[in-house]
Amino acid sequence: MNKLFPVFLKLENLHTLIVGGGYVGLEKITAVLENSPEAKLTLIAPEIRQEIQDFAKEHTHIELIFRKFEANDLNEKDLVLVATNDKQENASIKSLAAQRHLLCNVADTPHLCDFYLSSVVRKGELKFAISTNGKSPTIAKRIKQVLDENFPIEINESLENLTKIRETLRGDFSEKVQKLNQITQTLVEAPKPPPGPPKEGSLA
0 MNKLFPVFLK LENLHTLIVG GGYVGLEKIT AVLENSPEAK LTLIAPEIRQ EIQDFAKEHT
60 HIELIFRKFE ANDLNEKDLV LVATNDKQEN ASIKSLAAQR HLLCNVADTP HLCDFYLSSV
120 VRKGELKFAI STNGKSPTIA KRIKQVLDEN FPIEINESLE NLTKIRETLR GDFSEKVQKL
180 NQITQTLVEA PKPPPGPPKE GSLA
């Protein structure tokens, strides 16, 4: 049973630390920026991939530090993403983060993670986050593909229209919910198949 609590964070209000400048570090920073382009980030590693350096040139709120991690790097941080290829160092960083009550994600090490990064589908203002409780990122990617293919980008226009409708509704909260439920019912109703030709021997 998946007991994870889903939550969407405003990373522009937090300071995220990424430790690791290789391919996995690139994956982490890419995931963050795709979802929170204004996120405040510090990335630390002795060597940092050029793609990450290019991100830092485009985003002034990204700080790159070319050296190994130090305990004081956790000062004034809110979230920690660990992405080095040294398992011992990863475990050490997780332990230090826990002492400071900082939430930490250690790449490819579920038992050291306080949270997981989800596979995400975005359609304008609509966002789906998919979790397999760390069991199978591959399945999460397949589900992402299915959702991405079956939800048209026009769904965002529906969201915008519903927002305008909601602002015009009168009554208390319960009444507004009932009216919105009536309006959106057609979104979940399966379309009825068109009538086929009459069967042989039946009355036309």
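Every letter in the sequence shown is one number past the one before it in numbering that gives the first Met the number 0, and letter 81, counting from 1, is 80.
Each residue gets a CB set at the ideal place from its N, CA and C atoms; glycine is no exception.
For clarity, every value in this text was computed on a predicted model and none was experimentally measured.
Three-state secondary structure assigned by DSSP to residue i
i	result
N12	helix
V31	helix
V6	coil
F127	strand
E62	strand
A203	Because the pLDDT at A203 is just 44, under 50, the model does not fix this residue reliably, and the value given afterwards should be weighed accordingly. Coil at A203, not helix or strand.
Endpoints, alpha helix (DSSP H) assigned at residue i
i	result
N104	First-last for N104: 102-105, but that is the beta strand (DSSP E), not the alpha helix (DSSP H).
F68	First-last for F68: undefined, no H or E at that position.
K86	86-98
I51	49-57
Limits of the unbroken beta strand (DSSP E) element including residue i
i	result
K39	39-43
K122	118-122
L80	78-81
Own chain partners of residue i with C-beta closer than 6 Å, once the 5 adjacent residues on each side are dropped
i	result
I142	I129
V31	A38
A70	L95
L111	K93, V105
Beta-carbon proximity list for residue i, same chain, < 8 Å, skipping 5 on both sides
i	result
E37	L10, E11, H60
L146	V120, F127, I129
Nonlocal neighbours in the same chain, by C-beta distance under 7 Å from residue i, ignoring five residues either side
i	result
N1	S130, N132
L125	I154, N155, L158
N34	V119
heavy atom of the ligand PLP below 7 Å from residue i C-beta
i	result
S118	Absent from the structure shown: the ligand PLP. Ligands present: none.
> Three or more beta-carbon pairs under 8 Å between the segment 43-58 and the segment 105-112, yes or no?
Replying inline: no
>> Does the contact criterion of 3 or more C-beta pairs under 8 Å hold for the segment 71-82 versus the segment 11-21?
In response: yes
> Can you list the alpha helix (DSSP H) stretches of 4 or more residues lying completely in the segment 129-186, in chain order?
Replying inline: 136-149, 154-167, 172-183
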